[in-house]
Every structure is written in C-alpha cells, then in structure tokens.
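Residue numbers are given in the working numbering: position 22 of the sequence shown equals residue 11, and the series is strictly consecutive.
Just so you know, even glycine gets a beta-carbon here, dropped at the ideal spot from N, CA and C.
Everything below concerns the one structure shown next.
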Amino acid sequence: MPQEYTATDTRTGLKVTIHGEFPPDKDDRIRIAATSNLFTKLMATVLATENSTERRALFRSLELALEWADAAARQDMPEMNAILQRFLAEHGITQEQMQDIIRQFQEGQGPDGFPPVGPGEP
-10 MPQEYTATDT RTGLKVTIHG EFPPDKDDRI RIAATSNLFT KLMATVLATE NSTERRALFR
50 SLELALEWAD AAARQDMPEM NAILQRFLAE HGITQEQMQD IIRQFQEGQG PDGFPPVGPG
110 EP
C-alpha cells in the first residue's frame, strides 16, 4: 500500500508531497522525512529568489547537485565525474584552474595561499 509524506516550508508555506512505497524501518522513515524537508526548504529558497537570473542559476546548481547525488547513490563514478565537470564549466572554472587548486592543496596550501582548513577547523 503506497504511503505519503508531506514536507512544508515554514517560511513560505511551500508543500512537497512524496508518495510511494516506503521501507518499514523507522530510521529509513526518519531519513525520508529529513531529506524531504531539506528538499522543500531548498526549493522554497530558490522560488523566493526575486532576481530571475539568479533564481535560474540556483535551480541549475540544485539540479546538478541532485544529479550528482543520484549518480553517487548508484556508485557511478564516471557519471559523477561528468556532472562535476559540467558544474565547474558552467561556473567558469577551467580544467587548468582545478588542476592548479589540486596541486596547491597537495603542496600543503589552499588556493588562497594559506594552509587548507581541515574538518572542524574555522
């Protein structure tokens, strides 16, 4: 029997309903709710963006992020790489710039000349 979960953005009132067969495990249902709430919040933020050019760019970034997440869930590394390359190209970052950033990190400094910040550091 199909089930349904509706997520509502409290700032805008936007509602997104997910309908389908959900796993019975409580932890899975918590993740369905959390992911649905996050998607709804993201969509509401994008839709609330008044500048249409900026809004379309946010939509495109969100689409690419979701495409990448889908490829990651399927463990499709070539597709993940292709999506990342499209994202970087759409944001004007060349392959050479990325290689330079990687080289700087490997040499122990971030792209701004400072040491890279590790997890949990400011």
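Around the C-beta of residue 72, 16 or more other C-beta atoms lie within 10 Å, and the residue is accordingly described as buried.
Taking the CA atoms as reference points, residue 9 sits about 25 Å from residue 35. Positions of the alpha helix (DSSP H) runs, each at least 4 residues long and wholly inside the segment 49 to 87, are given as 66 to 79 in order along the chain. Under the 10 Å beta carbon count, residue 29 is surrounded by 16 or more other beta carbons and is classified as buried. Contact holds between the segment 10 to 29 and the segment -9 to 2, because three or more Cβ pairs, one in each stretch, are under 8 Å apart.
When secondary structure is reduced to three states using DSSP, residue -7 falls in the strand class. Listed in chain order, the non-local C-beta contacts of residue 25 below 6 Å within the same chain comprise -6, -4 and 7, local neighbours out to five positions each way being set aside.
Per the C-alpha coordinates, the member of 94, 40, 66 and 76 positioned closest to residue 53 is 76.
Secondary structure of residue 6 (DSSP, three-state): strand.
In this structure, DSSP gives residue 38 a state outside helix and strand, which the three-state scheme calls coil. Around the beta carbon of residue 33, 16 or more other beta carbons lie within 10 angstroms, which makes this residue buried.
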